[in-house]
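Counting in our numbering, the sequence shown runs from 5 upward without gaps.
A virtual CB, placed ideally from N, CA and C, is assigned to each residue, including glycine.
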Amino acid sequence: MIDTKGPKGLTRRQLLARATAASASFVVGSGFVAAKDAAWATELSALKPETFATLVQMARDIYPHDHVGDKFYAAAVKGYDTDDDAGTIELGISDLNAAARNAGHGSYLAMGWERDRVDVLRGMENSPFFQQIRGGLVTGLYNQKDVWPLFGYEGESFSKGGYIDRGFDDVDWV
């Protein structure tokens with residue numbers, strides 16, 4: 005028999021209902037975060053669900069790609085869900101939310117316009133927290149093999165004979 009219960013005992017139907025009711029980018033529950041379209045979900049061990057959802061939105065705002073799904077951003081920041089990083093991340097997100105409140109919004113996630121969120125991020129781009137997240141995203145996001153085709157990257161070429169005989173000039177986006 006297939007277990008239709010989601011994280012913390014929610015059924016798929018309840019999860020979708022919460023997502024629709026929230027009309028936000030994420031559904032936040034006790035110990036988990038899910039996309040509002042239920043395309044992905046992750047259980048958390050150290051970070052608060054609201055913190056993780058804010059971290060995913062922050063990642064999307066730092067490296068925005070409309071054609072890249074939130075699940076890739078969630079995978080990129082999932083490494084911060086550790087006991088060692090939790091304190092620093094919670095504090096950084098708290099500072100981010102404080103900056104959003106100073107800009108007249110309830111929280112960073114409550115800011116509806118990307119332009120407003122980017123303005124808040126610009127205000128803290130020299131902070132160690134911002135630099136930690138930005139630096140981690142370079143490898144966390146772009147080293148995912150499943151995201152490579154979205155950018156037209158076929159991966160390393162050596163094992164396939166190199167680029168000389170295998171389309172070194174077939175890049176159409178340059």
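By the 10 Å Cβ neighbour count, where 16 or more other Cβ atoms means buried, how is residue i classified, buried or exposed?
i           : result
residue 96  : buried
residue 126 : exposed
residue 183 : Residue 183 is absent from the model: the chain starts at 5 and stops at 178.
residue 81  : buried
residue 164 : exposed
residue 84  : buried
residue 157 : exposed
residue 144 : buried
residue 168 : exposed
residue 147 : exposed
residue 70  : exposed
residue 74  : buried
Cutting at 6 Å between CB atoms, please list the residues of its own chain near residue i, excluding the five before and the five after it.
i           : result
residue 134 : 128
residue 77  : 60, 63 and 64
residue 160 : none
Which residues in the same chain as residue i place their Cβ atom closer than 7 Å to its Cβ, once the five residues preceding and following it in sequence are excluded?
i           : result
residue 89  : none
residue 141 : 63, 66, 67 and 80
residue 103 : 124, 127 and 128
residue 50  : 85, 86, 87 and 90
By Cβ distance, which residues of its chain are closer than 8 Å to residue i, with the 5 residues on each side in sequence left out?
i           : result
residue 107 : 115, 120, 123 and 124
residue 109 : 115 and 120
With respect to the alpha helix (DSSP H) encompassing residue i, which residues constitute its N-terminal and C-terminal limits?
i           : result
residue 168 : Here residue 168 belongs to no alpha helix (DSSP H), and DSSP marks it neither H nor E.
residue 56  : 53 to 66
Check your understanding: In chain order, which alpha helix (DSSP H) runs of at least 4 residues are fully inside the segment 75 to 159?
Key -> Qualifying alpha helix (DSSP H) stretches, in chain order: 87 to 106, 118 to 127 and 132 to 146.
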